[in-house]
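Encoded as structure tokens, the structure appears first; notes follow it.
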Amino acid sequence: MWNFRSGIALAVAIAPLLASPIPVKALPLRVVSPQEMPSNLGRDTQLWQLPDGSLGDKKKLLKALNQSLNYLDTSASQAAYRNYPVPGVTHARVRRSVLRFRTLLQTATSPTALAASVRKEFDFYESVGKDDRGTVDFTGYFEATYRASRVRTAEYRYPLYRTPPDFASWPQPHPTRSQLEGADGLQASKGKLRGQEMVWLRDRLEAYLVQVQGSARLTLTNGKIMTIGVSSKTNYPYVSIGKELVKAGKVRLEDLSLPFLIQYFQAHPTELDEYIPRNQRFIFFQETNGAAATGNLGVPVTAERSIATDKSIMPPGALAILQTRFPYYNAAQTIELQDVSHFALDQDTGGAIKGPGRVDIFMGTGTKAKARAGLINTPGRLYYLLLKS
232 MWNFRSGIAL AVAIAPLLAS PIPVKALPLR VVSPQEMPSN LGRDTQLWQL
282 PDGSLGDKKK LLKALNQSLN YLDTSASQAA YRNYPVPGVT HARVRRSVLR
332 FRTLLQTATS PTALAASVRK EFDFYESVGK DDRGTVDFTG YFEATYRASR
382 VRTAEYRYPL YRTPPDFASW PQPHPTRSQL EGADGLQASK GKLRGQEMVW
432 LRDRLEAYLV QVQGSARLTL TNGKIMTIGV SSKTNYPYVS IGKELVKAGK
482 VRLEDLSLPF LIQYFQAHPT ELDEYIPRNQ RFIFFQETNG AAATGNLGVP
532 VTAERSIATD KSIMPPGALA ILQTRFPYYN AAQTIELQDV SHFALDQDTG
582 GAIKGPGRVD IFMGTGTKAK ARAGLINTPG RLYYLLLKS
């Protein structure tokens, strides 16, 4: 089914800037011995207290665990594991592991106690990563919030579109982005998309980022909230405009983040007409009537506790640990990166998330989530947890 992440690139529009994934010729996961594990693996301090001093997010993780169990109780989940290639990774074992971890989480008294229980009872399956040495590139995505209008005005000019009624019969290859909306994003009313406008946004880049992100909460001019998600897409691969800027020598890879990308195009607005059309994929939307952001497993995703991976090789709904760096608001309400050993559930996917060396972390909804997601561009390691046999 289509949802706000399925087939979509990450929020910051730079996921493919990271090293290209290696071809998956071998198994994507390998069992690691205790001697190979980092000393802090599984010590998730954020479950008890967040860096700004507020209460930890144990309830969020419990919510994500329950959503995975909802998925793992479906026939679709059983079918997904029927031919899963990694020995020992079965539907029944994944489900038992999520259930057992939920009990451990509910009874643990500290991060150290939880980590000790997990190390005692679980095997750790590490992703082989992009380099067959376990290196995984992490990025962040979020559900955007923007102002929008149901009618076109001088201020609100850039539309988002519903799926055309005859889309299923469009000949392939589909029209490109430029053919559908023109280089400036304003010509679609003259062609195949005439009459399919859902809403209009004020800013060209904002409208494009909604397509990249795949969902949004829109504050309409009458004050009402409208939620939208992906309905369908044209059959082109995603192309990162950030990657195109790097290739052109206009931006350094190490400088790239969502805030940087926005600032760049604010300083060079005419370049939007050059770079946005390079992503030929075009996204159509539908109203979701206030529904929570939902991953490709058909269950809601949870801020900071749901991840997107390549579901052609990674175990859907499974419990994972992320060893990387997370941006957090501190007591002064400024963002700082912190090393984490972070439990999460594998509940989503994305068109730019390919191979064992890519993970996209859902950071939530709104301005703060956007700011944090745009700063995640960090290497790390990914482990899946399965109960010992």
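To convert, take the position in the sequence shown, counting from 1, and add 231; that gives the working numbering.
Idealized CB from N, CA, C, for every residue including glycine.
Please read all numbers here as calculations on a predicted model, not as lab measurements.
7 angstroms CB neighbourhood of Q569 in its chain, flanking five on each side removed: Closer than 7 angstroms at the Cβ level, and outside the excluded window around Q569, lie P282, R556, F557, Y559.
task: Find out if the Cβ-Cβ distance for the pair L258, S358 is shorter than 8 angstroms.
output: no
message: What does the Cβ neighbour count give for D397, buried or exposed, with the cut at 16 atoms within 10 Å?
response: Counting Cβ neighbours within 10 Å, D397 comes out exposed, since fewer than 16 surround it.
task: Count the other C-beta atoms from every protein chain shown that fall within 10 angstroms of the C-beta of E386, then say buried if there are 16 or more, exposed otherwise.
output: E386 comes out exposed.
- prompt: Would you say D415 and D504 are within 8 angstroms of each other, going by their C-beta atoms?
  reply: yes
C-alpha distance - S446 paired with G460, whole-angstrom precision: 4 angstroms
message: Only counting the same chain, and skipping five residues up and downstream in sequence, which positions put a Cβ closer than 8 angstroms to that of G360?
response: T366, V367, P587, G588, R612, L613
- prompt: What three-state label does DSSP hand F593 in the structure shown?
  reply: strand
message: I need the DSSP call for G460, collapsed to helix, strand or coil.
response: Three-state result, G460: strand.
field: Beta-carbon proximity list for S462, same chain, < 7 angstroms, skipping 5 on both sides
entry: W233, R393, T394, F515, F516, Q517
- request: Would you mind sorting K478 into buried or exposed? The rule is 16 or more other CB atoms within 10 Å of its CB.
  value: exposed
- prompt: From this set, P402, V571, D304, which residue's C-alpha is nearest N466's C-alpha?
  reply: Closest in C-alpha terms to N466, from the list P402, V571, D304, comes P402.
task: Verify the CB distance criterion: does N297 have a CB-CB separation below 8 angstroms to chain B?
output: Of the protein chains in the structure, only one exists, and it is not chain B.
query: Apart from the five residues just before and just after N301, which ones in its own chain have a Cβ nearer than 8 angstroms to its Cβ?
result: V530
- prompt: Using the C-alpha atoms, what's the distance from L617 back to R448?
  reply: 36 angstroms
task: Less than 8 angstroms between the CB atoms is what I'm expecting for Y372 and D591, so what's the real figure, rounded?
output: 5 angstroms
field: Nearest to P490 (by Cα), restricted to the options A604, A523, P547, V443
entry: A604
- prompt: Which of helix, strand or coil does DSSP assign to G521?
  reply: coil
query: What residue range is occupied by the uninterrupted alpha helix (DSSP H) comprising N301?
result: 289 to 303
message: Once the 5 residues before and after A323 are set aside, which same chain residues still bring their CB inside 7 angstroms of it?
response: none
- request: Ignore the nearest five residues each way along the sequence and tell me which others in L451's own chain have a CB closer than 7 angstroms to its CB.
  value: A379, S380, R381, M457
- prompt: When you compare each of I538, S306, A344, L303 to L272 by their alpha carbons, which one comes out closest?
  reply: A344
- request: Assign D504 to one of three DSSP states: helix, strand, or coil.
  value: helix
field: Short Cβ contact (8 angstroms threshold) for A534 with F593
entry: yes
Closest Cα partner of Q497 within the set L436, L550, P468: Nearest option by C-alpha distance: L436.
field: Among L293, Y469, R425, nearest to L440 - alpha-carbon criterion
entry: Y469
query: Measuring CB to CB, does K289 end up less than 8 angstroms from L278?
result: For the pair K289 and L278, the CB atoms are nearer than the 8 angstroms cut-off.
field: Residue closest to A177, alpha-carbon to alpha-carbon, out of R536, K599, Y389
entry: Residue 177 cannot be examined here, being either before or after the span of the chain that is shown, 232 to 620.
- prompt: Hey, how far is the Cα of K619 from the Cα of V571?
  reply: Going from the Cα of K619 to the Cα of V571 covers about 24 angstroms.
- request: In angstroms with no decimal places, state the Cα-to-Cα distance between A311 and T321.
  value: Straight-line Cα distance between these residues: approximately 10 angstroms.
- prompt: Helix, strand or coil: how does DSSP classify E217 here?
  reply: Beyond the ends of the chain as shown, which are 232 and 620, falls residue 217; an answer cannot be given.
task: Please list the segments of the alpha helix (DSSP H) lying wholly inside the stretch 378 to 459, counting only runs of 4 or more residues, in order along the chain.
output: 408 to 412, 435 to 444
- prompt: Considering only C-alpha positions, which residue in the set S285, Y615, M268 is nearest to A562?
  reply: Sorting S285, Y615, M268 by C-alpha distance to the C-alpha of A562 places S285 at the top.
- prompt: Buried or exposed: which applies to K481, given that a residue is buried once 16 or more other Cβ atoms fall within 10 Å of its Cβ?
  reply: Under this definition K481 is an exposed residue.
field: Simplified DSSP state of D363, which is helix, strand or coil
entry: coil
message: Helix, strand or coil for V566? Go by DSSP, reduced to three states.
response: Val is not the amino acid found at residue 566; the sequence shown has Ile there. Looking at I566 - three-state DSSP - the assignment turns out to be strand.
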